[in-house]
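> For reference, the structure I am asking about is given below.
In UniProt numbering, the protein residues as written are 1 to 486.
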């Protein structure tokens, strides 16, 4: 069952051909055998998982099962999970046991899912390769010499390797879509405010958004049904009716208008990635869609704007980690200032320190207007670019990343690493939804097609992605490591 989708697993559970306990035991065994190579989990919660599986089987026996009852998954280690370490991939929180559940965790628990553990990630979600974790880098299941992408690389790798059928991730500048592309799975970043951020440890509060990572668009729709919705505990949560995201999956694409941003097909795009994306576009044309070129003229400003806004918000959010209330505390501080300095110096990694310093600088007196205010003005222009484009087309399409997964240790320059997010960052600045779906390979490394929609167009994106997956088999491909350990 390790290679099945949530839809197939739910069917098997409903038919009684397998129990949630049997499935959970099988996947826990795979994690035990395989994750030493991948390092995709920080914490495996076997005892709690088996207890939840037994409860799900009892619910099913009592006729109280829902669509996700008994389905195993994993949760990125940025979501607070009561009684379980929530580390954010950082030494700073290595000793932190969350006293409550994040809203999405409690919603998935209420839906009857079974969490197998917490997945590895770039420290405080800052990174594009999952090499910035205190717990070591995650390996890409398709090629163990390659990165899985970041910051939700642990979630992506675990799904791709068949350790879990789905996982939760977060996306601040592409951290669901880019690792989904690198690992050959489907990853959805919802509209900002569609999914509650309560209990999701903040990196950049105006950009962060949780979302599902799974093997198919249909599975992402099932998960979004469970986690979307207004939450009074999150002031940025949108009070808007949640549709059934699986209802329109089978709607035909005849008449769909697709826009190809010319800025996404220029210099820096790997030719093998471009070839795979253009082949994918032809599939949509065969399904009745029309294609035209559009422009997002402020795209080139997205990375500089993001790397002013996100570090500024990170500087503010991470100021709470001071060694006083929770988290890492240095030994034998001489005074309060020494406590602050050494606790933060010891607890944070290099990339986190870099972004805190950048953010503190841009928020300082004399620089706020020149940097932070200007970046927010540019952000408004970027958002307007997308709104203008969606006046002409229904969805936008392009690559999720400019290259396939790169080698571990190959990108040491921070600016080069930041450029990996060139096609994903603007979406977070604009607050619109986006999904990455498998669309081919460059050698043996997957390529992801990114599909973008206007605000709250998740149902349309899932429909478009699902129809593509009905016409292709890229999402059905599995890495050799998954089959070797079947």
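For each residue, glycine too, the CB sits at the ideal point set by N, CA and C.
1. Do you know offhand how far residue 372's Cα is from residue 363's?
2. Would you kindly check if the distance between the Cβ of residue 478 and the Cβ of residue 266 is under 8 Å?
3. Which runs of the alpha helix (DSSP H) at least 4 residues long sit entirely within the segment 165 to 230? Give them in chain order.
4. Can you tell me which of 207, 115 and 341 puts its alpha carbon nearest to the alpha carbon of residue 308?
5. Could you name the residues of the same chain whose beta carbon sits closer than 6 Å to that of residue 139, not counting the 5 residues immediately before and after it, in chain order?
6. Would you identify the three-state DSSP class for residue 392, choosing helix, strand or coil?
7. Can you check whether the CB of residue 407 is closer than 8 Å to the CB of residue 61?
8. Looking at the structure shown, is residue 417 part of a helix, part of a strand, or coil, going by DSSP?
9. Quick one: complete beta strand (DSSP E) runs, 3+ long, within the segment 409 to 485?
10. Should residue 186 and residue 214 be called a contact, given that it needs their Cβ atoms to be closer than 8 Å?
11. Roughly how many angstroms lie between the CA atoms of residue 304 and residue 108, to the nearest whole one?
12. Taking only three categories from DSSP, how would you classify residue 92?
13. What first and last residue would you give for the beta strand (DSSP E) that runs through residue 107?
14. Looking at C-beta atoms only, is the number of pairs between the segment 338 to 355 and the segment 87 to 97 that lie closer than 8 Å three or more?
15. Apart from the five residues on each side of it in sequence, which residues of its chain come closer than 6 Å, Cβ to Cβ, to residue 193?
16. Could you check if residue 332 is buried or exposed, using at least 16 other CB atoms within 10 Å of its CB as the buried criterion?
17. Along the chain, which unbroken stretches of the alpha helix (DSSP H) at least 4 residues long are found entirely within the segment 234 to 312?
18. Looking at residue 242 and residue 228, is the spacing between their C-beta atoms short of 8 Å?
19. For residue 48, which residues of its own chain have a beta-carbon under 6 Å away from its beta-carbon, when the five flanking residues on both sides are left out?
20. Confirm, please, whether the CB-CB distance from residue 149 to residue 128 is below 8 Å.
21. Quick one: what does DSSP say residue 31 is sitting in, helix, strand or coil?
22. By Cβ distance, which residues of its chain are closer than 6 Å to residue 272, with the 5 residues on each side in sequence left out?
23. Leaving out the 5 sequence neighbours to the left and right, which residues in its chain are closer than 6 Å to residue 65 when beta-carbon positions are compared?
24. Report the partner residues of residue 144 according to the DSSP bridge assignment.
25. Counting beta carbon pairs with one atom in the segment 242 to 254 and one in the segment 347 to 354, are three or more of them shorter than 8 Å?
26. In its own chain, which residues sit with a C-beta less than 6 Å from the C-beta of residue 378, not counting the 5 before and 5 after it?
27. Determine the burial state of residue 334: buried for a count of at least 16 other Cβ atoms within 10 Å of its Cβ, exposed for fewer.
28. Might you give, ordered along the chain, the residues of its own chain that have their beta carbon closer than 8 Å to the beta carbon of residue 135, omitting 5 neighbours on each side?
29. Which of the three DSSP states is assigned to residue 124 in this structure?
30. Spatial neighbours of residue 78 within its chain, please: C-beta separation below 7 Å, excluding the five flanking residues on both sides.
31. I'd like to confirm the pairing. Which residues does DSSP put opposite residue 498 in its beta bridges?
32. Which class does residue 119 belong to by DSSP, given the choice of helix, strand or coil?
33. As a quick exercise: from 160, 451 and 230, pick the residue whose alpha carbon is nearest that of residue 465.
Let me lay it out:
1. Stepping through the chain shown from its first residue, residue 372 is reached at position 372. Stepping through the chain shown from its first residue, residue 363 is reached at position 363. Going by the C-alpha atoms only, they are around 7 Å apart.
2. Translated into positions along the chain shown, residue 266 becomes position 266. Translated into positions along the chain shown, residue 478 becomes position 478. Inclusion of residue 266 and residue 478 in the CB contact set at 8 Å is not warranted, their separation being larger than that value.
3. As summarised for the segment 165 to 230, the continuous alpha helix (DSSP H) elements at least 4 residues long and confined to that stretch are 177 to 183 and 217 to 227, given in chain order.
4. Counted from its first residue, the chain shown places residue 308 at position 308. Nearest C-alpha to residue 308: 207.
5. To locate residue 139, count along the chain shown from 1; it is residue 139. Hits under 6 Å: 38.
6. Counted from its first residue, the chain shown places residue 392 at position 392. Per DSSP, reduced to three states, the secondary structure at residue 392 is coil, with no helix or strand assignment.
7. As a position in the chain shown, residue 61 is number 61, starting the count at 1. As a position in the chain shown, residue 407 is number 407, starting the count at 1. Not closer than 8 Å, so no.
8. On the chain shown, position 417 is the one that residue 417 refers to. When DSSP states are grouped into helix, strand and coil, residue 417 belongs to the helix group.
9. Uninterrupted beta strand (DSSP E) stretches at least 3 residues long and entirely within the segment 409 to 485 occur at 434 to 442 and 445 to 452, given in chain order.
10. Translated into the one-based positions of the chain shown, residue 186 becomes position 186. Translated into the one-based positions of the chain shown, residue 214 becomes position 214. Going by C-beta atoms, residue 186 is nearer than 8 Å to residue 214.
11. Your numbering for residue 304 matches position 304 in the chain shown. Your numbering for residue 108 matches position 108 in the chain shown. Each residue's Cα considered, the two are about 36 Å apart.
12. Residue numbering aside, residue 92 sits at position 92 when the chain shown is read from its first letter. Looking at residue 92 - three-state DSSP - the assignment turns out to be helix.
13. Residue 107 sits at position 107 when you count from the first residue of the chain shown. That residue, residue 107, is in no beta strand (DSSP E); its alpha helix (DSSP H) goes 103 to 110.
14. Three or more Cβ pairs drawn from the segment 338 to 355 and the segment 87 to 97 lie within less than 8 Å of each other, which places the two stretches in contact.
15. Indexing the chain shown from 1 puts residue 193 at position 193. If we look at residue 193 and ignore the five residues flanking it on each side, its Cβ neighbours are 236, 237 and 238.
16. As a first step, residue 332 is located in the chain shown; it is residue number 332 there, counting from the start. Exposed, since its Cβ has fewer than 16 Cβ neighbours within 10 Å.
17. Scanning the segment 234 to 312 for uninterrupted alpha helix (DSSP H) segments of 4 residues or longer gives 271 to 286, listed from N- to C-terminal end.
18. Numbered from 1 along the chain shown, position 228 holds the residue referred to as residue 228. Numbered from 1 along the chain shown, position 242 holds the residue referred to as residue 242. Yes.
19. For the purposes of this step, residue 48 is taken as residue 48 along the chain shown, with counting starting at 1. Taken in chain order, the list of residues that qualify is empty.
20. As a working note, residue 128 is residue 128 in the chain shown. As a working note, residue 149 is residue 149 in the chain shown. Yes, they are a contact pair.
21. As a working note, residue 31 is residue 31 in the chain shown. Correct three-state label for residue 31: helix.
22. On the chain shown, residue 272 is found 272 positions in, with the first residue counted as 1. Within the same chain, residue 272 has close Cβ partners 442.
23. Along the chain shown, one-based indexing puts residue 65 at 65. Only residues of its own chain outside the window of five on either side were considered, and among them 59 have a CB closer than 6 Å to the CB of residue 65, listed in chain order.
24. The sequence position of residue 144 within the chain shown is 144, counting from 1. Beta-bridge pairing links residue 144 to no other residue.
25. Between the segment 347 to 354 and the segment 242 to 254 there are fewer than three C-beta pairs closer than 8 Å, too few to call the two in contact.
26. As a first step, residue 378 must be located in the chain shown, where it is residue number 378. The answer, listed in chain order, is 301 and 305.
27. Translated into positions along the chain shown, residue 334 becomes position 334. So residue 334 ends up on the exposed side.
28. Counting from 1 along the chain shown, the entry for residue 135 is found at position 135. The answer, listed in chain order, is 39, 42, 87, 89 and 120.
29. The residue you call residue 124 lines up with position 124 of the chain shown. Residue state, collapsed to three classes: helix.
30. Position 78 of the chain shown, counted from the start, is the residue given in the question as residue 78. For residue 78, where only same-chain residues beyond five positions count, the Cβ hits under 7 Å are 88, 121, 125, 170, 200 and 201.
31. Beyond the ends of the chain as shown, which are 1 and 486, falls residue 498; an answer cannot be given.
32. Mapped onto the chain shown, residue 119 falls at position 119. In this structure, residue 119 counts as strand in the three-state DSSP scheme.
33. Here residue 465 corresponds to residue number 465 of the chain shown, with the count starting at 1. Nearest option by C-alpha distance: 451.
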